[in-house]
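Have a look at the structure below, then the notes.
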Amino acid sequence: MSTELTRYTISIYSENNVGLLNRISAIFLKRHINIESLTTSLSEIPDVFRFVIVVMVTEPQVQKLVQQIEKQVDVIKAFYHTDEETIFLETALYKVKTNFLFEERQIQNYIKESHASIVTVAPEFFVIEKTGFRHETDKLREQLTPFGLLQFVRSGRISVSKAPMGISEILNSFKENLT
Amino acid sequence: MSEKLHISGAEAVIRCLLAEGVDLIYGYPGGAIMPVYDELYKFQDQLNHVLTRHEQGATHAAQGYARTSGKVGVAVATSGPGATNLITGIADAQIDSTPLVCITGQVAAHLLGSDAFQETDIIGISTPVTKWNYQITRAEEIPEIMAKAFYIARSGRPGPVLIDITKDAQFATFDYSYKKCTGVRSYRAVPKLDQAQVQAAAAAINGAKKPLIVWGQGVILGEAEAAFKAFVEKTQIPAAWTILGLSALETDHPLNKGMVGMHGNYAPNLLTQECDVLIAIGMRFDDRVTGRLDAYAKQAKVVHLEIDPAEINKNVHADYPVLANCKESLEALTPLVETKKLDTWMARFDELYAKEYEAVIEKDLKPSKEGLTMGEVMVEINNASKSDAVIVTDVGQHQMVACRYASFVRSKSNVTSGGLGTMGFALPAAIGAKMGAPDRHVVAVIGDGGYQMTIQELGTIFQTGVGVKIVVLNNNFLGMVRQWQQLFFDKRYASTEMTNPDFVTIAKGYHIPAKKVTAREDLAGAVEEMLATEGPYFLEVVVEKEDNVFPMIPTGASLTEIRLN
C-alpha cells in the first residue's frame, strides 16, 4: 500500500444532525490532519446528507480515517477515492473593478480563454465565475491579480465517483437494523 | 408497551430511566438539572440516586457499576462545571468501551450561546470522547432520544453517550409515551458474521504449529466467556490476556498463560515474537500491548476476532479478520478447529515462566527483605477472598502488580482504568462495582497518589454505607513515574515523592474502620479482618518505597527487549 502523500477525496453519506460536522472534523483533528476542503450538501437520497472532504494523506491513513468516520453512529457509509477515480470540480468567484473590463482588453481575453463567465456587472465592480480544476481557477486568479483583484473566493471540491457507491442498497440493507 | 401521560420533560427523564430498567444512578445536583432532581425526589422509592462528592466520581462509579453488573451505568450532572467534570470518566469509558448514559442539564434554549451562567458547550466538548451525544431542546424529544441513548450505549461495542437537556425542556409538559429503541438507520451495531471468514480463520488455526491466543475485554463485553473457554479447551492453545480481558478465564486454568504487554508475563510476551499464528480475540492491539509496532509478531499470521470494523488493520494487519460479536464468532469457529498436541511449544511457556519466577515473581510474592511488597498484599487478598473478590485498581505500579498477581475464579471481577490510565478511578469505581455486585467482596487496591485524587468519595462511602474495602499501598511516591525516573532519567525524582497525611485518621473522620500495617506478620490478619468486617473498611499497607515492577518492556522497545530487572 502506498505510503506516499496522496490527495484523497473522502465522501460521506450521513444523517443530517446538528453536531455531526464537529464529530467528523474531530476525527481529523485527533490525528493532526489538515482538511484541504470540505463541502456539505444534500445527496441524491432524500434525508441523506453528503460530505466531500479533501485531504493529503497516505493510503493507510485515509483507510483508517474512513473506518473511524464510518464508526460514527450517524454515518451511513464513507468512501475514499483518488483524483483519477472521481469527477471533481471547484467554483471560484473573482471580483474586479468595472473600469478594467473596458480599459484592459486583456481581461476579456482571459475570460474567453478560460471559459469563465461574467455573473454580474455593476457600475463599480464586476464578478467572474469560473468552474473547473484547481489549476485552472488558480491560473485565472494569477492573470487577474495585476488588475487589483478586489475579492477572490473558491468553493470546496465537489465530486462524484466514477464507480457506483450503492447507497440505496446500503440503506436497504440497514433496514434490518430497524427490526 | 406505551403509556399516555401528560408530564414534564424532567419527569419523562425519570420515567425513561425506569423504562430502561435503571434503578440506580450517580450524580450531583445543580441549577440547570434541578427539575430532574425534583422528580428524583418524587421517585426515590423506585430510583436510587447516589450523591457522589464530585461529578468525576459519578462517572467512575457508573463505570464500576457497569463493569461488574453488565448493565448501563448512569451519571447525572448540572451544566457548566458539572458537565465538564464528567469528561474524564466519559473519556475513560470511551477508550475502555464501558456503556454509560450521562445526562447533563443545560441553560434554557433561548440562552444558548449567550455565555449564560454555567453555560458550556458540553456537546462540543464531549464529542471526541463519546460514542454519541445529543442536545435536547424540546421536551417532546426526550423519550425517543433517551431510548436511543441506551440502545447506542449498550449495543455493539459499548460506549458512553451524553444527553444534554436544556432547562426549559425539563420544565415543559407534553404527552409522554415510551418505546424502546431497537435500531438506528445509520448504525450497524454488530457486523453480520461471514462464514467464509470463519472458515479461513479455522484453516489458519488448524495449520498452526505454535499458536497463541491473546484475548481482551471483548470476551467479557460479548458475554463470550463460556464460548471462549470451550474454544481454548478444544484447541488446547495457550492463551494470554490484556489487562481488560483479565478474569474472563480463571487464573489457574492450565492454558491461562498470563498477561501480555509492558508489565505482562515473560513467556506470552516473548512467545508473541515466536508464534506462527496469533489469535487475537476482542482486543485492539494497544501500544502498551504491542510495544514497538513494526517489530510486533512479524513472523505470525494474525487472526482477529473483533466486533468493531475500525479495529481491523488499525494497528496490526489482520490476515484473517472475523467480524462479529466474539461469542458468535467463537461458537462458529470452535466446531471447525482441531485439538492440538503442542507439547514442545507448551514447554517453552513453562521454561520462560520458570525464569520469570526466579527473577521476579518469587521476590515479589515471597520476599526475603524486610519491607513489604505490593505482591504479597495481593497474595493475602487472594487467600482471604478465596480468589473470588472483585479487584478494583487505579493506575500505576499497584495496578500492574494487582493485575499480575490477583487471582480470579469468575468473570467481571477486574475493574481498572486500562486505556485512559486515569488516576483517581479506583475509589469511586469501587463504589459502583460494589453496588453492581452487592453480594461479592469488592476490594479497591489503590496507590497513595491516585487515592488522593478522588479521596473525597470517602464521603459517598460513609453516607451510603457501601461495603467497599479500600487497600492503599503506600510507598510515599508516585511509584510508576518514579520507576521511570530511576530507569530512564538517571534517578532525577522530579515531583514524585509525596508527603502524605495520616490516611487512617482521614478514614476515621468518615467513620470508616481503618488500620495501618507496616510489618509482615500483621498483614494476613489485617486483610482477614478487613474482609470479615461488615460495611466499608480502610487498610493502609506501607510498602517498600523504591520497588520496581518487572518484567518491563520500555516504551518504544519491541517485546523481545523485555527486561526482567
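Just so you know, the sequences run in chain order A and B.
Quick note: the first sequence uses the numbering used here, first residue 12, plus one each step.
Quick note: the second sequence uses the numbering used here, first residue 27, plus one each step.
For every residue, glycine included, the Cβ atom is placed at its ideal position computed from N, Cα and C.
Treat the numbers as computed from the prediction; the structure is a model and nothing was measured.
Exposed unless 16 or more other CB atoms sit within 10 angstroms - verdict on residue i
| i | result |
| --- | --- |
| B/E354 | buried |
| B/M27 | The pLDDT assigned to B/M27 is 48, lower than 50, so where the model puts this residue is not dependable; a value taken from the coordinates is nonetheless given after this. Exposed: under 16 other Cβ atoms inside 10 Å. |
| A/T131 | exposed |
| A/N183 | exposed |
| B/A455 | buried |
| B/F503 | buried |
| B/M578 | buried |
| A/L40 | exposed |
| B/Y67 | exposed |
| B/G444 | buried |
| B/M506 | buried |
| B/T525 | exposed |
| A/S128 | exposed |
Under the three-state DSSP convention, the category residue i falls into
| i | result |
| --- | --- |
| A/I87 | strand |
| B/H424 | helix |
| B/S34 | strand |
| B/V224 | helix |
| B/Q72 | coil |
| A/K79 | Here the sequence assigns Gln to residue 79 of chain A, which means Lys is not the residue at that position. It is helical. |
| B/A306 | strand |
| B/M288 | coil |
| B/I457 | helix |
| B/N409 | helix |
| B/C42 | helix |
| B/N159 | strand |
| B/D49 | coil |
| B/Y431 | helix |
| A/Y19 | strand |
| B/Y612 | Residue 612 of chain B is absent from the structure shown; chain B starts at 27 and stops at 591. |
| B/S123 | coil |
| B/M27 | In this predicted model, B/M27 has a pLDDT of only 48, less than 50, meaning its place in the structure is not dependable; the value taken from the coordinates is given anyway. Coil. |
| B/A533 | helix |
| B/E566 | strand |
| B/R546 | helix |
| B/C207 | coil |
| B/T419 | strand |
| B/A540 | strand |
| B/M278 | Looking at the sequence itself, residue 278 of chain B is Asp, so the reference to Met does not match. DSSP places B/D278 in coil when its eight states are reduced to three. |
| B/N341 | coil |
| A/S13 | coil |
beta-carbon residue i near the ligand ATP non-hydrogen atom, thresh 6 Å
| i | result |
| --- | --- |
| B/L296 | As presented, the structure is devoid of all ligands, the ligand ATP included, so that no description of it is given. |
Residues of its chain near residue i, where Cβ-Cβ distance is below 6 Å and the 5 sequence neighbours each way are ignored
| i | result |
| --- | --- |
| A/I21 | I64 and Y91 |
| B/R466 | V416 |
| B/V568 | N500 and T544 |
| A/L49 | I64 and G167 |
Of the residues the options, the one placed nearest residue i, counting alpha carbons only
| i | options | result |
| --- | --- | --- |
| B/T156 | B/L112, B/L73 and B/M556 | B/L112 |
| B/D320 | B/M309, B/I333, B/H343 and B/R310 | B/H343 |
| B/F529 | B/R314, B/L484, B/V441 and B/W241 | B/L484 |
| B/Y536 | B/Q482, B/V575, B/K517 and B/I579 | B/Q482 |
| A/Q83 | A/E135, A/P175 and A/G30 | A/G30 |
| A/V171 | A/V73, A/T148 and A/R61 | A/R61 |
| A/T148 | A/E81, A/E47 and A/L104 | A/L104 |
| B/T261 | B/I246, B/D369, B/K205 and B/A336 | B/D369 |
| A/L53 | A/S125, A/T14 and A/S25 | A/S25 |
| B/L391 | B/L356, B/I149, B/A410 and B/A432 | B/A432 |
| B/L138 | B/E402, B/A266 and B/I191 | B/I191 |
| B/L275 | B/V258, B/V48 and B/N591 | B/V258 |
| B/H424 | B/D376, B/I496 and B/M372 | B/I496 |
| B/L446 | B/A253, B/A215, B/S123 and B/W371 | B/S123 |
Supposed contact pair residue j and residue i - C-beta distance, whole angstroms, cut 8 Å
| i | j | result |
| --- | --- | --- |
| B/G56 | B/T486 | The Cβ separation is near 17 Å, so there is no contact. |
| B/T146 | B/A175 | Rounded, the Cβ-Cβ distance is 20 Å, inconsistent with contact. |
| B/Q144 | B/T104 | 7 Å |
| B/E595 | B/G397 | Outside the displayed span of chain B (27 to 591) sits residue 595 of chain B, for which this structure offers no information. |
8 Å Cβ shell around residue i - same chain, five flanking residues per side excluded
| i | result |
| --- | --- |
| B/T199 | H32, I33, S34, G35 and A165 |
| B/Q325 | Q299, E300, C301 and D302 |
| A/F158 | V107, K108, F111, E115 and I118 |
| B/D313 | L319 and N341 |
Close Cβ partners of residue i (< 7 Å) along its chain, the five nearest in sequence each way excluded
| i | result |
| --- | --- |
| A/R145 | E101 |
| B/N232 | V363 and E364 |
| B/T399 | D390, P393, V569, E570 and D573 |
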